[in-house]
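Numbering-wise, the sequence shown is residues -17 to -1, 1 to 217 according to mature numbering (1 follows the signal peptide of the UniProt record, and there is no 0). Read through the structure below, which is laid out as structure tokens, and then see the notes.
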Amino acid sequence: MFSKVVLVALGASMAAAKTVDLTNYTFDNYLADFKLNFPASELESRRATFMSELARVRAHNAKNLSWKEEINQYSVLTNKERLAFKGRNGGVAQTQGKMLKAGKPLPDNFVMKPLEHLPKEVDWRTKHVVSAVKDQGHCGSCWAFAATAVIESHVAIASGLLFDLSPEQIAMCSPNPESCGGTGGCNGATSEIAFEYVSNSDGIREEFQYPYTSYYGENYACAMPAAASVATIN
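Set out below in structure tokens:
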């Protein structure tokens, strides 16, 4: 894991991305824009990491594709450091990927519809059933954020109401006795663990009822508020 100095510096920058002209952009510009500081012993390695990432982003944007990439507070992290944020140490997706590479058939858990029966495109954002992107910070709780977003959208599709639900509740309250994908909380788990928890409990609260306090990677004991839940899984 990278140094506490980096954690503090990155924590000071809450913005997920900045839209800037990358044509003549430099490492010094980046440090100033995102208010970052690194120990002198790390500075050159961080510079090299950032310049490599900047070159990759420029190359992508030069392809005139339908979407553009930006730099953000994570553009200076190594691959190992980025993996620490993903909060997952293997699972169904990785297992199935290995099976496909080995030419083995996947278990028939789902029935795929013929392509001609599918719509040309689906964009749930235009249906107003997708909440804003959230920032998990330095906590490996992406599994909880992913599960929360899925529940938010399903509730919105079913009811027409888009709630801002609590990833903190899922991250800190979901039991994970088998250590699936990690040991839980900021140390990783799976969305399946989250769904099982919501299904077996009295449901999930809204963000303002159980706010996110694990931004800097701290795990806390489950502290369920007295407020009633707004969603559950049957």
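Ideal Cβ positions, reconstructed from N, Cα and C, are used throughout, including at glycine.
Cα separation between residue i and residue j?
i	j	result
Cys205	Ala177	14 Å
Lys84	Gly164	21 Å
Ala141	Lys110	12 Å
Thr131	Ala139	12 Å
Ile187	Leu66	28 Å
Arg30	Lys81	35 Å
Ala42	Asp185	49 Å
Val(-10)	Val213	In this predicted model, Val(-10) has a pLDDT of only 34, less than 50, meaning its place in the structure is not dependable; the value taken from the coordinates is given anyway. Using only the alpha carbons, I get a separation of about 35 Å.
Leu101	Trp107	15 Å
Quick check on the burial criterion: 16 or more other C-beta atoms within 10 angstroms. Buried or exposed for residue i?
i	result
Ser172	First, the residue type needs correcting, since residue 172 is Ala and not Ser in the sequence shown. Burial call: buried.
Trp50	exposed
Val3	exposed
Val(-12)	Confidence is the limiting factor: at Val(-12) the pLDDT is only 38, short of 50, which leaves the residue's position unreliable, though a coordinate-based value still follows. Buried, by the Cβ-count rule.
Glu151	buried
Leu19	buried
Ala154	buried
Is there at least one non-hydrogen atom of the ligand NAP closer than 7 Å to the beta-carbon of residue i?
i	result
Asn20	What this structure holds is no ligand at all, so the ligand NAP is not there to describe.
What are the boundary residues of the alpha helix (DSSP H) that residue i is part of?
i	result
Arg16	Here residue 16 turns out to be Asp, not Arg, going by the sequence shown. Note, Asp16: alpha helix (DSSP H), Phe10 to Phe17.
Phe33	Ala23 to Asn44
Val181	Ser174 to Asn183
So residue i and residue j are supposed to be a Cβ contact under 8 Å. How far apart are they, rounded?
i	j	result
Val181	Ile134	7 Å
Cys169	Asn202	5 Å
Only counting runs of 4 or more residues, tell me where the alpha helix (DSSP H) segments fall wholly within the region 82 to 162, in order along the chain. Along the region 82 to 162, the alpha helix (DSSP H) occurs as fully enclosed runs of 4 or more residues at 125 to 142 and 150 to 156, listed in sequence order.
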